[in-house]
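Here's the structure we're looking at; comments come further down.
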Amino acid sequence: NQKLRITEQLLGEKEESFKAAEKKYLEECKHLEDRISRLSRVIVAHNEAYRGMIANISEHVNSSLCGMESITKNLEDETLSDNIVKMSEDVQILKHCAVGKNIERGKLEEELHILTKQLEEEKEQVTMMRETLSKQIGEKQELLGEISQLKKAVD
Numbered sequence: 578n579q580k581l582r583i584t585e586q587l588l589g590e591k592e593e594s595f596k597a598a599e600k601k602y603l604e605e606c607k608h609l610e611d612r613i614s615r616l617s618r619v620i621v622a623h624n625e626a627y628r629g630m631i632a633n634i635s636e637h638v639n640s641s642l643c644g645m646e647s648i649t650k651n652l653e654d655e656t657l658s659d660n661i662v663k664m665s666e667d668v669q670i671l672k673h674c675a676v677g678k679n680i681e682r683g684k685l686e687e688e689l690h691i692l693t694k695q696l697e698e699e700k701e702q703v704t705m706m707r708e709t710l711s712k713q714i715g716e717k718q719e720l721l722g723e724i725s726q727l728k729k730a731v732d
């Protein structure tokens, strides 16, 4: 009879421990899911910014090409040298802009890589926590079975 009480007490303590661990696990899962969601939104925002930069660069390149076509049409014009200087300045501006955009793109790609890595690590943590929870649930089931057998043996 005393063994049964001790076993029931141990079971109660383990159930409390299990409930606390389960609550902590669920809170961590919620936190990780929120973080995954937030990081996913950041990745999407970075991708959109990257696409915007590409569109902007394409627009500048198209503008430069249009300018070059204009120069080609005006080769016989007296102001050819002025046009060449202006286009050269525009090309330099576009070159600096493209370099800046490439640097930004590199930073965004690096940040995207870091965020993707964090997301993968958090997914692995969630998987490990789920495995731990499944293991604890199995142990609880075994304990409940043992208690049931002890009760039957005592009765």
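Residue numbers 578 to 732, in the numbering used here, belong to the letters of the sequence shown in order.
For every residue, glycine included, the Cβ atom is placed at its ideal position computed from N, Cα and C.
All figures in this text were calculated on a predicted structure; none of them were measured in a lab.
- Take the alpha-carbon of Lys596 and the one of Ala675: they are about 57 Å apart.
- Between Leu671 and Val619, the beta carbon gap of about 30 Å keeps them out of contact (Cβ cut-off 8 Å).
- Annotated three-state conformation of Asp659 is helix, per DSSP.
- If you check the CB distance, Tyr602 and Leu720 do not come in under 8 Å.
- When secondary structure is reduced to three states using DSSP, Asn578 falls in the coil class, being assigned neither helix nor strand.
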